[in-house]
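In this text, residue positions in the sequence shown follow this note's numbering: the first is 97, and each later residue adds one.
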Amino acid sequence: VQGTACQQNVAAYATTKGAIHTLTRSLALDYARQGIRVNSVSPGSIRTPILERAARGDDPNADIEAAFKRFGEAHPLGRIGEPEEVAELIAFLCSSKASFCTGADYRIDGGLLAGIGVG
């Protein structure tokens with residue numbers, strides 16, 4: 097998500113995410129004629145150890161589930177995502193069912209970016 101809309105104090109991280117979008121498009125063009133498809137996936141808040149560390153912050157006794165609930169409230173679907181949901185999207189993109197998909201970024205963010213800048 098940070099490659100499309102970013103927060104303060106994450107310049108280096110957001111820059112790398114934006115670069116992935118451009119690299120995806122460039123590689124898709126370079127390899128399409130060889131039948132190689134290139135796409136990227138941009139997840140929102142997903143229940144992972146990285147998100148757990150963010151939820152915990154400096155407090156080893158932090159209520160992780162309460163933090164995940166707060167994080168989820170930022171997403172229009174009202175929750176954070178699960179790793180299996182991201183895996184299913186990636187499995188689809190790797191399958192023959194996505195044979196005409198290349199050069200795109202697929203957001204799996206619970207609608208988070210759908211409302212950015214509106215209000």
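Beta carbons are placed, not taken as given, at the ideal position from N, Cα and C, and that holds for glycine.
Which residues bound the beta strand (DSSP E) around residue i?
i, result
"residue 203", "201-204"
Since residue i and residue j are thought to touch, with beta carbons under 8 angstroms apart, how far apart are those beta carbons, to the nearest angstrom?
i, j, result
"residue 204", "residue 185", "5 angstroms"
"residue 160", "residue 170", "About 16 angstroms separates the two Cβ atoms, so there is no contact after all."
"residue 198", "residue 134", "6 angstroms"
"residue 178", "residue 142", "7 angstroms"
Just verifying my parser: in three-state terms, what is the DSSP assignment at residue i?
i, result
"residue 137", "strand"
"residue 126", "helix"
"residue 215", "With a pLDDT of 48 at residue 215, under the threshold of 50, the modelled position of this residue cannot be trusted, and the question is left open."
"residue 154", "coil"
"residue 117", "helix"
"residue 132", "coil"
"residue 195", "coil"
"residue 110", "helix"
Going by DSSP, which residues form a beta bridge with residue i?
i, result
"residue 142", "177"
The alpha helix (DSSP H) with residue i in it runs from where to where?
i, result
"residue 162", "160-169"
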